[in-house]
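Undergrad: Residue numbers (UniProt numbering): 1 to 193.
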Amino acid sequence: MSLPGGYSQVFCEVKTNGSKWMVLMRRMDGSVEFDKDWNDYKFGFGSLTGEFWSGNELIHKLTTDGRKYTLRVELESYDDEFIFAVYNNFWIGPESDNYRLHVSGFSADSTAGDSLAYHNNMMFTTRSHDNDMSKINCAVNYDAPWWFSNCHWVFLTGKYGNNLLEACGITWKNHWGYNKFARSAAMMIHPNT
1 MSLPGGYSQV FCEVKTNGSK WMVLMRRMDG SVEFDKDWND YKFGFGSLTG EFWSGNELIH
61 KLTTDGRKYT LRVELESYDD EFIFAVYNNF WIGPESDNYR LHVSGFSADS TAGDSLAYHN
121 NMMFTTRSHD NDMSKINCAV NYDAPWWFSN CHWVFLTGKY GNNLLEACGI TWKNHWGYNK
181 FARSAAMMIH PNT
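(1) So the candidates are T70, Y178, E76; which of them puts its Cα closest to the Cα of W91?
(2) Let me know the secondary structure DSSP gives V73 once reduced to three states.
(3) Give a yes or no on whether the C-beta atoms belonging to L116 and M25 are separated by under 8 Å.
(4) By the three-class DSSP mapping on this structure, what secondary structure does H152 have?
(5) Grouping DSSP H, G and I as helix and E and B as strand, with all else coil, what is W172?
(6) Taking DSSP as the reference, what is the three-state secondary structure of Y89?
(7) Using the three-state DSSP reduction, which class does W147 fall into: helix, strand or coil?
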């Protein structure tokens with residue numbers, strides 16, 4: 001994909017209805033550790049054919065190219081429950097604003113509750129960059145970075161597994177609470193038409 005400053009590889013997924021999505025992150029088997037530092041999340045890590053984070057710098061460039069983007073988050077639990085949430089307005093700010101998350105326009109067609117709105121306007125937090133609203137560093141407390149508020153309702157970078165302490169795994173609070181975890185998760189975007 002051509003972007004300002006060069007080219008970048010992205011993973012694209014085509015849904016059964018023909019819609020095309022650029023996948024920003026994917027969890028599927030626990031093969032990649034997501035408790036990483038600021039630069040790992042800035043530039044991305046993992047493999048496009050497996051688990052990965054595409055990089056906050058890439059996500060920023062993609063979502064601020066002059067078009068508006070829709071975000072789709074998909075999760076599947078260990079008991080095979082599939083849920084998704086769609087937000088019709090998604091972008092993240094530049095590194096100078098700590099990759100601040102902007103998300104709105106929750107779609108009523110979503111099967112998951114609107115948990116990500118809790119994180120709207122939050123800056124990205126890692127162990128070394130404490131930008132959350134909590135008195136503690138949520139990335140330290142929960143062992144992975146995220147757009148924490150005080151601390152999270154959504155945690156797609158959480159520990160991988162099913163038998164974890166409350167709120168430590170891959171969670172979506174407004175559907176599963178903090179005690180049911182996702183076996184797989186993905187964030188994907190496409191330009192609004």
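Where is the CB? At the ideal position from N, CA and C, for every residue including glycine.
TA: Quick answer:
(1) T70
(2) strand
(3) no
(4) coil
(5) strand
(6) Checking the sequence, you will find Asn at residue 89 rather than Tyr. Correct three-state label for N89: strand.
(7) coil
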